[in-house]
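Contents: one structure, followed by commentary.
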Amino acid sequence: MASTTQLPTTPAALPQPVTTRRRPPKLGRSRPNFLGGLGGWLWLAIIIVPVYYVVITSLKNQAGFFTSNPMLPPAEPTLDNYKLVLENDFAKYFTNSLIVTVGSVVPALFVAFMAAYAIVRGKGKFLSWTNNVFLLGLAIPLHATIIPIYWMITKAHMYDTLLALILPSIAFAIPVSVLILSNFMRDVPNELFESMRLDGCSDWAMMWRLALPMTKPAVITVGIYNALHVWNGFLFPLILTQSPDTRVLPLSLWTFQGEFSVNIPAVLASVVLATLPLLVIYVVARRQLLSGLTAGFSK
Amino acid sequence: MSATTTTPPRAPAAKRATDTRRTLEKGPSGWLAVPALAFFMLFAILPLLGVLFLSFTRWDGLGEIKLDGLSSWNTVLADPVTGNALLVTAKIMFFSFIVQAPISLLLGVFTAASQKYRAALAVLYFVPLLLSSAAVAIAFKALLDPNFGLGPGLGLPLLAQDWLGNSDLVLFVVVFVIAWQFVPFHTLIYQGGVRQIPASLYEAAQIDGAGRIQQFFNITLPQLKYTMITSSTLMVVGSLAYFDLVFVLTAGGPGYSTRLLPLHMYLTGFKANDMGAASALGVILVVIGLALALFLQRLGGKNRNASQLEGA
Amino acid sequence: MNSLKLRTAGMAVSAAALSISLVACGSSGPAGTGASADSATMWGLTGGDQPVFQASVDSWNKAHPDSAIKLDFFANDAYKTKVRTAVGAGQGPTLVYGWGGGVLKSYVDAGQVDDLTGFLKDNPDVQGRYLPSILESGVIDGKTYALPNNKVQPVVLYYNKEVFEKIGAEPPKTWDELMALVPKFKDAGVAPFSLGGQSKWPDLMWLEYLVDRIGGPEVFANIAANKPDAWSDPAVIEALTKIQELVDAGGFINGFSSIAADSNADQALLYTGKAAMILQGSWIYQGMKKDAADFVSSGKLGYTPFPTVEGGKGDPANVVGNPSNFWSVSSKATEEQKKTALEYVKDGMFNDENVQSLIDSGAVPVVTGIEDKLAASPDKDFLTYVYGMAKDAPDFTLSWDQALSPAQGDAMLANLDQIFLKKITPEQFASTMNATIGK
Numbered sequence: 001m002a003s004t005t006q007l008p009t010t011p012a013a014l015p016q017p018v019t020t021r022r023r024p025p026k027l028g029r030s031r032p033n034f035l036g037g038l039g040g041w042l043w044l045a046i047i048i049v050p051v052y053y054v055v056i057t058s059l060k061n062q063a064g065f066f067t068s069n070p071m072l073p074p075a076e077p078t079l080d081n082y083k084l085v086l087e088n089d090f091a092k093y094f095t096n097s098l099i100v101t102v103g104s105v106v107p108a109l110f111v112a113f114m115a116a117y118a119i120v121r122g123k124g125k126f127l128s129w130t131n132n133v134f135l136l137g138l139a140i141p142l143h144a145t146i147i148p149i150y151w152m153i154t155k156a157h158m159y160d161t162l163l164a165l166i167l168p169s170i171a172f173a174i175p176v177s178v179l180i181l182s183n184f185m186r187d188v189p190n191e192l193f194e195s196m197r198l199d200g201c202s203d204w205a206m207m208w209r210l211a212l213p214m215t216k217p218a219v220i221t222v223g224i225y226n227a228l229h230v231w232n233g234f235l236f237p238l239i240l241t242q243s244p245d246t247r248v249l250p251l252s253l254w255t256f257q258g259e260f261s262v263n264i265p266a267v268l269a270s271v272v273l274a275t276l277p278l279l280v281i282y283v284v285a286r287r288q289l290l291s292g293l294t295a296g297f298s299k
Numbered sequence: 001m002s003a004t005t006t007t008p009p010r011a012p013a014a015k016r017a018t019d020t021r022r023t024l025e026k027g028p029s030g031w032l033a034v035p036a037l038a039f040f041m042l043f044a045i046l047p048l049l050g051v052l053f054l055s056f057t058r059w060d061g062l063g064e065i066k067l068d069g070l071s072s073w074n075t076v077l078a079d080p081v082t083g084n085a086l087l088v089t090a091k092i093m094f095f096s097f098i099v100q101a102p103i104s105l106l107l108g109v110f111t112a113a114s115q116k117y118r119a120a121l122a123v124l125y126f127v128p129l130l131l132s133s134a135a136v137a138i139a140f141k142a143l144l145d146p147n148f149g150l151g152p153g154l155g156l157p158l159l160a161q162d163w164l165g166n167s168d169l170v171l172f173v174v175v176f177v178i179a180w181q182f183v184p185f186h187t188l189i190y191q192g193g194v195r196q197i198p199a200s201l202y203e204a205a206q207i208d209g210a211g212r213i214q215q216f217f218n219i220t221l222p223q224l225k226y227t228m229i230t231s232s233t234l235m236v237v238g239s240l241a242y243f244d245l246v247f248v249l250t251a252g253g254p255g256y257s258t259r260l261l262p263l264h265m266y267l268t269g270f271k272a273n274d275m276g277a278a279s280a281l282g283v284i285l286v287v288i289g290l291a292l293a294l295f296l297q298r299l300g301g302k303n304r305n306a307s308q309l310e311g312a
Numbered sequence: 001m002n003s004l005k006l007r008t009a010g011m012a013v014s015a016a017a018l019s020i021s022l023v024a025c026g027s028s029g030p031a032g033t034g035a036s037a038d039s040a041t042m043w044g045l046t047g048g049d050q051p052v053f054q055a056s057v058d059s060w061n062k063a064h065p066d067s068a069i070k071l072d073f074f075a076n077d078a079y080k081t082k083v084r085t086a087v088g089a090g091q092g093p094t095l096v097y098g099w100g101g102g103v104l105k106s107y108v109d110a111g112q113v114d115d116l117t118g119f120l121k122d123n124p125d126v127q128g129r130y131l132p133s134i135l136e137s138g139v140i141d142g143k144t145y146a147l148p149n150n151k152v153q154p155v156v157l158y159y160n161k162e163v164f165e166k167i168g169a170e171p172p173k174t175w176d177e178l179m180a181l182v183p184k185f186k187d188a189g190v191a192p193f194s195l196g197g198q199s200k201w202p203d204l205m206w207l208e209y210l211v212d213r214i215g216g217p218e219v220f221a222n223i224a225a226n227k228p229d230a231w232s233d234p235a236v237i238e239a240l241t242k243i244q245e246l247v248d249a250g251g252f253i254n255g256f257s258s259i260a261a262d263s264n265a266d267q268a269l270l271y272t273g274k275a276a277m278i279l280q281g282s283w284i285y286q287g288m289k290k291d292a293a294d295f296v297s298s299g300k301l302g303y304t305p306f307p308t309v310e311g312g313k314g315d316p317a318n319v320v321g322n323p324s325n326f327w328s329v330s331s332k333a334t335e336e337q338k339k340t341a342l343e344y345v346k347d348g349m350f351n352d353e354n355v356q357s358l359i360d361s362g363a364v365p366v367v368t369g370i371e372d373k374l375a376a377s378p379d380k381d382f383l384t385y386v387y388g389m390a391k392d393a394p395d396f397t398l399s400w401d402q403a404l405s406p407a408q409g410d411a412m413l414a415n416l417d418q419i420f421l422k423k424i425t426p427e428q429f430a431s432t433m434n435a436t437i438g439k
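So the protein lines, in turn, are chains Y, U and B. Per this note's numbering, the first sequence starts with residue 1, numbered consecutively. Per this note's numbering, the second sequence starts with residue 1, numbered consecutively. Per this note's numbering, the third sequence starts with residue 1, numbered consecutively.
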């Protein structure tokens, strides 16, 4: 990815991310839109109240939870619940989630990128058939195949391993990844490929040195989209893993709910902790994340 | 399926093929697509055939898988719970669509504008995108508790309903929670769509003296046609996948009132241990998913975006 | 030449792989104190027994570092869903925690658990320590597949004495008294009964007791024996009708069908005074002892047998619930694991230390000769009550959802939920359930 030697430099030839391609409409120039503003603030309240409730409750002690007003912040905030969650192998579940997410998203991006390149640049019956298979895959509800997947995973002696989560996650990330990547790749001007071809570059080189840099926003979009899905996935872990050693975060929330019994503040502290890593990423990389997602789906 | 889905991507590809044939000997090798295809065949297409096969067997998840003809299908089709699950799925699909679509559209237009406070609000709007369904469900379960939750906290008897225990209310609660979780994503899609509308259209309209509402109906809405199709497809086909949220929030209850088709399949397979019947339900789920995608595909027409809307 | 080289290389690779796998197989020796991948594994349930099992396994591992046991805990509802999946995948724990009955039978039918009859014959001490009637629950077709591992768990009607005193009421002895109490508590702003309806199995306790009080234990015996139309027994219909009358009268707390027993929210409603009574297993005493120590130790917790029903055939001393929980040994475990597991069952379980810690947690172990120890416990009132209840019961019916096959049990819980919600009539319940007979 480091090689930029062959990159064309004419700005006009570069497809820009859609968000910057056109100016946003200046809707607000005229008189202020009170009704719109009101609706906007109302929706904010709907979004924020549950988040606020989760955060303040996670800072209460259990006795305080039963006796205090649920919507008021605690008189004596405590971090004991967070301590309790962290002591309950939270780090292990976090690591598992990280392994599964990275282990699924990176290979999925890699194979999907190659497939998208072949589908866009190549020709022939095989590739168009492949493209159709992926399009078909988009319409399959994931859950429907869980029973045969469970059977396959047990027969392969992979039940209760992280690999059991990674392999089907890769497979299910492929169709949407190929679709978005190939949509972007079609926008790369053909002349660029031709000039590289004339310079004697192979397809392999063109793929990594031209197609990849040119579709970077799409790669980021697909990466984020898949990472969110895998990180927050629940069904595969529920069915394909069992022991605490292979537990991932969303499943740990569900089990915390049983284990901490009536200790709702601790359960909600685990919710906060499980979301925190993504929140940090959101705060740091908000712009890329949102524009990436917008670019991928509004194209 | 193939006839309609392939037309849009093939058109430009074919054009390019004639362009390139003059200068290029051949395109990249089809082998590049093989790893992705192999993964997908092994873990999606093969299981898809597997689910069809298993629907003709009897298997309790422990012992041997035995061929059993149509008995699983007979069980499933005769069971009133199946019909109920279909009905619940259809209701949730319908209500989530009519709740989410207008809200996302309006919020998308709202956040696409350039005011600073709107940008700030948008940052907060997207927070639910980060939460897992399990987290959302657990948070709402605590919030909606009739004895310790939001209602008694605010002292509003109206909010102290038995939200999750009342079989007439619970469906709407589920629709609301789904909207809470997924509206941000669709808002994002609409926001991107609105930002692509050329500003010149609005400038021209303003010169003509068109008001805000006229601009919205005459420019924004028509320009967002394909965005709407994309978002609607994701919403509708996505509602076949509301498994985890409902599983943690209500476990399908009370009674059968929120037992969606995917949840019904899971409970039949992994709780009642009838994998044959669960596979038959899985086949039904696949057929519905394909039918819906095909239908929406038709609706989308032969536009380049048509392939996009497959992005369910 | 080239191909020869390749072949030699291939052989070298496979030889290397083989030696790796041999090493892996041979490394199951001493594993230190930490449990290794080859250790026997055990899954328990969170809640009252968790510290007891933990202490027992900890002390076993300390004394037997060479055959350590790896112990994990799961919440009840999650466990029931997952253990079967794991056992089906051939990757269940060495010691499988269970309830006996139909679920155990399905494991036996699939050859997933070992026959322990020989083990009992070789170890008469093990056989002799159990209450015989309870040992019987682990027997399928004359062979023992499961051994009791904890405590007797009859279902008890608990009440909050403070709340009863406030309105000057006495715990109900008959169903009519019970119904008469409902409006009194409602007027006082207290829910008469707490109920963890989302978990569904607490609903079942009502049906089990009512059917027993009205028609005696034969009614369920017929159902369990898969007799045609057994669910249409008048006793079942009457019991369901009574349940719906109680629902209509507002007997159960607002929102009962969204309360999960798994999170102990149902018992919290009792000790926080939001509900006056709860019908639950004896195990919630352990939970309340932990979560609401003051409430229990100050004697505010009352308990009483399930009321009689006028004109009913059942003996008022009959009990429903779980005779005990059980360990079965997975047939898929290695010989080494099985050996460790059985040695633990023999020497680690129900030794003096284990029995005492069970009693201290507020439970009655399923072994003989513990009367003195129970009497010496600070919880002696409750423990001797439960012990007497289990020992003197003319009939101890296993919880129906465990006694029946998993498919039938699931359908029963789902339909019973519908009864509590008044979505179906007792007759509809009976006909739906009759259709599941033999499944």
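Note that the Cβ used here is the ideal one computed from N, Cα and C, for glycine as well.
For residue 372 (chain B), the enclosing alpha helix (DSSP H) stretches over residues 371-375. Residues of the stretch 219-244 of chain Y with a C-beta less than 7 angstroms from any C-beta of chain B: 239, 242, 243, 244, listed in chain order. By the CB criterion at 8 angstroms, residue 207 (chain B) and residue 240 (chain B) fall inside the cutoff. Within 8 angstroms of the CB of residue 256 (chain B), the CB atoms of chain U belong to 165, in sequence order along the chain. Distance from the CA atom of residue 116 (chain U) to the CA atom of residue 199 (chain U), rounded to whole angstroms, is 18 angstroms.
In summary, residue 260 (chain B) is buried, with 16 or more beta-carbon neighbours lying within 10 Å of its beta-carbon over all protein chains present. Judged by pairs of C-beta atoms under 8 angstroms, the stretch 45-56 of chain Y touches the stretch 125-133 of chain U, as three or more such pairs exist. By the criterion of a C-beta distance shorter than 6 angstroms, residue 131 (chain Y) is surrounded in its chain by 119, once the five residues flanking it on both sides are discounted. At the C-beta level, residue 146 (chain B) and residue 104 (chain B) come within 8 angstroms of one another. Closest option to residue 136 (chain U), judged by alpha-carbon separation, among U:247, U:262, U:48: U:247.
Counting the other Cβ atoms within 10 Å of the Cβ of residue 307 (chain B) gives 16 or more, which makes it buried. Using a Cβ-Cβ distance cut-off of 8 angstroms, the stretch 71-90 of chain U and the stretch 154-162 of chain U are not in contact, since fewer than three pairs of beta carbons, one from each stretch, lie closer than that value. Residues of chain Y with a Cβ closer than 8 angstroms to the Cβ of residue 40 (chain U) are, in chain order, 133, 134, 137, 171, 174, 175. For the C-beta of residue 255 (chain Y), the chain B residues within less than 8 angstroms are, from N- to C-terminus, 74, 75, 78. Cβ proximity to chain B below 7 angstroms picks out 60, 61, 62, 63 from the stretch 56-80 of chain U. With respect to the 8 angstroms criterion, residue 368 (chain B) and residue 135 (chain B) are not classified as neighbours on the basis of their beta carbons. Neighbours of residue 426 (chain B) across chain U, judged by C-beta separation under 8 angstroms, do not exist; the nearest C-beta is about 15 angstroms away. Along the stretch 204-236 of chain B, none of the residues has a CB nearer than 9 angstroms to a CB of chain Y. Between the stretch 224-234 of chain Y and the stretch 168-184 of chain Y, the count of C-beta pairs closer than 8 angstroms reaches three or more; the two stretches touch.
The beta-bridge partner set that DSSP reports for residue 72 (chain B) consists of B:43. Excluding sequence positions up to five before and after residue 134 (chain Y), its CB lies within less than 6 angstroms of the CB of 175, 178, all in the same chain and listed in chain order.
Legend: CB atoms of the stretch 114-136 of chain U lying less than 9 angstroms from CB atoms of chain Y belong to residues 114, 115, 117, 118, 121, 122, 123, 124, 125, 126, 127, 128, 129, 130, 131, 132, 133, 134, 135, 136. Contact check between the stretch 51-69 of chain B and the stretch 325-334 of chain B: fewer than three CB pairs, one atom from each, fall below 8 angstroms, which does not count as touching. Unbroken alpha helix (DSSP H) runs of no fewer than 4 residues, entirely contained in the stretch 139-217 of chain Y, are found at 146-155, 162-185, 190-198, 203-206, following chain order. Taken atom to atom, the span from the alpha-carbon of residue 412 (chain B) to that of residue 403 (chain B) is near 12 angstroms.
As the crow flies, the alpha-carbon of residue 42 (chain B) is around 48 angstroms from that of residue 184 (chain B). Taking C-alpha positions only, residue 268 (chain Y) is separated from residue 37 (chain U) by approximately 41 angstroms. Annotation: residue 237 (chain Y) to residue 54 (chain B) spans about 26 angstroms, alpha carbon to alpha carbon. Shortest Cα-Cα distance from residue 116 (chain B) to any of B:283, B:127, B:247, B:106 involves B:127. Under the three-state reduction of DSSP, residue 317 (chain B) is assigned to coil, being neither helix nor strand. In this structure, the beta-carbon distance from residue 67 (chain U) to residue 283 (chain U) does not fall below 8 angstroms.
Taking C-beta atoms under 8 angstroms as the contact rule, residue 157 (chain B) and residue 303 (chain B) qualify, at a distance of about 7 angstroms.
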